[in-house]
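Q: One structure, as structure tokens, below. Some questions next.
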Amino acid sequence: MRISKQARREARELFRSCLADAVLDENRVRQAVQLVSRDKPRGYLAVLVQFQRLIRLETARRAARVESAAPLPPDYRSQLQAELTRKYGAGLSFVFADNAALLAGLRIQVGGDVYEGSVQGRLAALQERF
Amino acid sequence: MSTLLQDIEAQISGIKAGVTKQNIGTVREIGDGVARVEGLSDAMLNEMLDFGNGVIGLALNLEETDVGAIILGDYTGISEGQQVRTTGKLLQVPVGKALLGRVVNALGQPLDGKGPVNSETFYPVEKIAPGIIKRKPVNQPVQTGIMAVDAMIPIGRGQRELIIGDRSTGKTTIGIDTIISQARLNRAAEAAKNTEYRPLYCIYVAIGQKQSNVARVMAVLEEAGAMPYTIIVSASASDSATNQYLAPFAGCAMGEWFMDNAMDALIIYDDLSKHAVAYRQVSLVLRRPSGREAYPGDVFYLHSRLLERSARLNEKYGNGSLTGLPIIETQAGDVSAYIPTNVISITDGQIYLETDLFYQGIRPAISVGLSVSRVGSAAQIKAMKQVAGRVKLDLAQFRELAAFAQFGSDLDAKTQAQLERGKRIVEVFKQPQYNPMAVETQVAALWTVQNGFMDDVAVDKIKDFQSKLSDYLASRKSALMEKIRNEKALSEQLTADLKAAVVEFKQTYR
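Which chain is which? The protein sequence lines are A and B, in order. In terms of the numbering used here, the first sequence has 115 at position 116, counting the first letter as 1, and numbering is strictly consecutive. In terms of the numbering used here, the second sequence has 130 at position 133, counting the first letter as 1, and numbering is strictly consecutive.
Here it is as structure tokens:
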């Protein structure tokens, strides 16, 4: 679908109106979508498509995925959450996953930033170097 | 065996044991050598992006939700959803003397099959031009070996002189002749162990040229023995638009290394019209807004920032220089088109080549009226100034008179003499391609014609007279020529000696 500049601008405005203290408010997002779908303003479909993209990107930006070779103890998890919240601000959604392929260590991804501290990552770096 | 183990140990010790941070994104769109990448929040402008499998991209558009990147190399292996990493490095190319004699692409990779380029120094492709504190005025000549240029449109080291003209008017030839002339001068200085002479290294950047043309240029330079002092950067017509866009910047970075290291270099951009076209293509695919003739709004800045990097540095910064000879191809002689006017206004003068003159047999087909050098006259040697001071005016008057004389047959003696002198000057300036002349030979020829010693020679015999005079002076009066070369000025004594030599030659000439 071709999205016009006008639709982009409106989607951006809609997206900004859904932020509360620079954090995406889910209720506002739902309300906004319902309102636009109900009122059907000119070019609303393109606006919603672009709005969905912005929400997707923002959700990905605020998603923190912590992978470890073995399950992490709860106190270590909460310590990690606190550290990441301090660095990236509030509103992060955390996912903790076990990944035996890492062999040992941690791999943390917050949005586009990847902190590689796993043995698998180091082996991959070594392989690239050779 | 032990060295193998040591190598492996060195590789392992190079690996950082700590946590590494990377910024990654995913390819959203790919096509026409341009990718749109989502999620690269830390990407810098002109940063190299790693697409995996050795494919590198260059971040050119930083937008709200994605990054527009041009792919350097083969983009057909990249697919949607693929991961992209920032590298934290700006695009850079190898520089240094190891590149002399080599033919490389826009990334500095060899194309000549002579093995890898052994250079350990790298320069960023985009660099801010030297500021006013670092610069000094142009005051040393670039001897192009083309008499018409050296006499009437002199070029100085650090100058930007545009070569402009229609297709097939000899634009590239002027550049090649200049390179050959520099190689001869460099070699002569090396042979004479003249440490005062500053060698001029040359860089020829071919943008959007036919591969056959580049091969021809290379063959000519090799035959003339100029390759040891020359680097050829080639982004031919079959290369991607991104490589064509980057090639002049890469060549400029190579030239800057010479300038920064207290040496002199000359760079020829052949040609910037095709460069502008390649940049237009890249910009349109990146969806940048287009302006006049669909060129992007920053096409002037594209060329001004490139040409501004040509400079003459002062003694405090090494006294190096980078001379720029950009080439522009006009359509049907239209110098008022968009790109030609842009580049004319950026450069310190232009050599305008005319199709009509070319087909009249006046080669190089330099239009004296439209060609100008704004700063080069300060760099001209005194001997040349003495003999060529009035030539431009004489030729302009000759052209006016010649046009006027077509309508009437009765001309007074003075006008007749001016016309005859003009015809001879035009003949003297004719020069075959790839045959640059030494400055002392040029001075002698111009002195001879200016002082009326060729007035009694038939116009169609002038070239013969001139070449025999040059041979005579080179073989029989080499001491006199050497004096002119070394003293760089015509003293009364030298003028008398030159006069005696010319009179002596005329007695034997038939």
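Positions of the beta carbon are idealized from the N, C-alpha and C atoms, including for glycine. As the structure is a prediction and not an experimental result, all values here were calculated from the model.
1. If we call anything under 8 Å between Cβ atoms a contact, is LYS427 of chain B one with ARG360 of chain B?
2. Given that a residue counts as buried once 16 or more other Cβ atoms are within 10 Å of its Cβ, and exposed if not, what is TYR75 of chain A?
3. Is the number of C-beta pairs between the stretch 195 to 208 of chain B and the stretch 262 to 271 of chain B that are closer than 8 Å three or more?
4. Measure the C-alpha to C-alpha separation of LEU416 of chain B and VAL296 of chain B and round it to an integer number of angstroms.
5. With H, G and I counted as helix, E and B as strand and the rest as coil, what does DSSP make of LEU105 of chain A?
6. Which of the three DSSP states, helix, strand or coil, is assigned to GLU290 of chain B?
7. Check this for me: beta carbons of ASP391 of chain B and GLY358 of chain B, under 8 Å apart or not?
8. Against chain B, does GLU115 of chain A count as a neighbour if the rule is that its beta carbon must be under 8 Å from one of theirs?
9. Are any of the Cβ atoms in chain A nearer than 8 Å to that of SER38 of chain B?
10. Does DSSP put ASP267 of chain B in a helix, in a strand, or in coil?
11. Could you tell me if TYR356 of chain B is buried or exposed, where buried requires 16 or more neighbouring beta carbons within 10 angstroms of its beta carbon?
12. Using a C-beta to C-beta distance shorter than 9 Å, which residues of chain B count as neighbours of LEU56 of chain A?
13. Would you mind giving the Cβ-Cβ distance between VAL139 of chain B and VAL230 of chain B, rounded to the nearest angstrom? I have them listed as a contact below 8 Å.
14. Only counting the same chain, and skipping five residues up and downstream in sequence, which positions put a Cβ closer than 7 Å to that of LEU283 of chain B?
15. Put ASP71 of chain B into one of helix, strand or coil per three-state DSSP.
16. In this structure, how does DSSP classify GLN447 of chain B when only helix, strand and coil are distinguished?
17. With 7 Å as the C-beta to C-beta threshold (strictly closer), list the residues of the stretch 85 to 116 of chain A near chain B in chain order.
18. If the cut-off is 8 Å on Cβ atoms, which residues from the stretch 32 to 61 of chain A count as contacting chain B, listed in chain order?
19. If you drop the 5 nearest sequence neighbours on each side, which residues of the same chain put their C-beta closer than 6 Å to that of ASN136 of chain B?
20. So the candidates are B:VAL214, B:SER233, B:ALA232; which of them puts its Cα closest to the Cα of ASP224 of chain B?
21. Quick check on DSSP: helix, strand or coil for PRO73 of chain A?
22. Taking 8 Å as the threshold (beta carbon to beta carbon), is VAL24 of chain B in contact with chain A?
23. Indicate whether the contact test is met: 3 or more Cβ pairs, each with one atom in the stretch 108 to 126 of chain B and one in the stretch 141 to 161 of chain B, closer than 8 Å.
24. Under 8 Å between C-beta atoms, does ASN50 of chain B make it to chain A?
25. Starting from GLY22 of chain B, follow the beta strand (DSSP E) in both directions and report where the run begins and ends.
26. List, in chain order, every chain A residue whose beta-carbon is nearer than 8 Å to that of ASN20 of chain B.
27. Please work out which residues of its chain come closer than 7 Å, Cβ to Cβ, to LYS460 of chain B, disregarding the five sequence neighbours upstream and downstream, and give them in chain order.
28. Are the CB atoms of PRO121 of chain B and ALA308 of chain B within a distance shorter than 8 Å?
29. How should GLU501 of chain B be labelled, buried or exposed, when 16 other C-beta atoms within 10 angstroms of its C-beta is the threshold for buried?
30. Classify THR166 of chain B as helix, strand or coil using the three-state DSSP reduction.
31. Looking at the C-beta of THR0 of chain B, does it have a partner C-beta in chain A at a distance below 8 Å?
32. What is the rounded straight-line gap between the Cα of VAL388 of chain B and the Cα of TRP444 of chain B?
33. Is VAL16 of chain B close to chain A, meaning its C-beta is less than 8 Å from at least one C-beta of that chain?
34. In the DSSP assignment, what residue or residues form a beta bridge with LEU46 of chain B?
35. Find out if the Cβ-Cβ distance for the pair ALA442 of chain B, SER467 of chain B is shorter than 8 Å.
A: To lay it out plainly:
1. Against a cut-off of 8 Å, the Cβ pair of ARG360 of chain B and LYS427 of chain B comes out as a contact.
2. In the assembly as shown, TYR75 of chain A is an exposed residue. Its beta-carbon has fewer than 16 other beta-carbons within 10 Å.
3. Counting C-beta pairs closer than 8 Å gives three or more between the stretch 195 to 208 of chain B and the stretch 262 to 271 of chain B, which meets the contact rule.
4. Their backbone Cα atoms lie some 45 Å apart in a straight line.
5. Judged by DSSP in its simplified three-state form, LEU105 of chain A adopts strand.
6. Note: GLU290 of chain B maps to helix in three-state DSSP.
7. Contact: no.
8. Under the Cβ distance rule, GLU115 of chain A counts among the residues neighbouring chain B, one pair being separated by less than 8 Å.
9. Chain A contact via Cβ: present.
10. Strand, per DSSP.
11. TYR356 of chain B is classed as exposed because its beta carbon has fewer than 16 other beta carbons within 10 Å across all chains shown.
12. Ordered by position in chain B, the residues that pass the 9 Å Cβ test against LEU56 of chain A are GLU35, GLY36, THR62, ASP63.
13. Incorrect: roughly 20 Å between the Cβ atoms, too far for contact.
14. Take LEU283 of chain B, set aside five residues on each side of it, and the residues of its chain with a beta-carbon closer than 7 Å to its own are VAL31, LEU57, ASN58, GLY65, in chain order.
15. DSSP, reduced to helix, strand and coil, places ASP71 of chain B outside both helices and strands of the structure shown, so it counts as coil.
16. The three-state reading of DSSP puts GLN447 of chain B in helix, counting H, G and I together.
17. Listed in sequence order: GLY110, GLY111, ASP112, VAL113, TYR114, GLU115, GLY116.
18. Listed by position along the chain: ARG52, LEU53, LEU56, ALA59, ARG60.
19. Contacts found: ALA375, ALA376.
20. Correcting the residue type first, residue 224 of chain B is Met in the shown sequence and not Asp. Of the listed residues, the one whose Cα sits closest to MET224 of chain B is B:VAL214.
21. It is helical.
22. Under the Cβ distance rule, VAL24 of chain B does not count among the residues neighbouring chain A, no pair being separated by less than 8 Å.
23. Contact between the stretch 108 to 126 of chain B and the stretch 141 to 161 of chain B is absent, because fewer than three Cβ pairs lie under 8 Å.
24. Interface criterion not met: the Cβ of ASN50 of chain B is under 8 Å from no Cβ in chain A.
25. Looking at the DSSP string, the run of the beta strand (DSSP E) that includes GLY22 of chain B is 17 to 28.
26. The answer, in chain order, is GLY111, ASP112, VAL113.
27. Its chain contains GLU424, LYS427 as the residues whose beta carbon lies nearer than 7 Å to that of LYS460 of chain B, once the 5 sequence neighbours on both sides are disregarded; these appear in chain order.
28. Going by beta carbons, ALA308 of chain B and PRO121 of chain B fall outside the 8 Å limit.
29. GLU501 of chain B should be labelled exposed.
30. Reduced to three states, the DSSP call for THR166 of chain B is coil.
31. It does not: the Cβ of THR0 of chain B has no partner Cβ on chain A nearer than 8 Å.
32. Across the structure, VAL388 of chain B and TRP444 of chain B are spaced so that their CA atoms are roughly 10 Å apart.
33. The C-beta of VAL16 of chain B comes closer than 8 Å to at least one C-beta of chain A.
34. In the DSSP secondary-structure assignment, LEU46 of chain B is bridged to B:GLY54, B:THR83.
35. For the pair ALA442 of chain B and SER467 of chain B, the CB atoms are nearer than the 8 Å cut-off.
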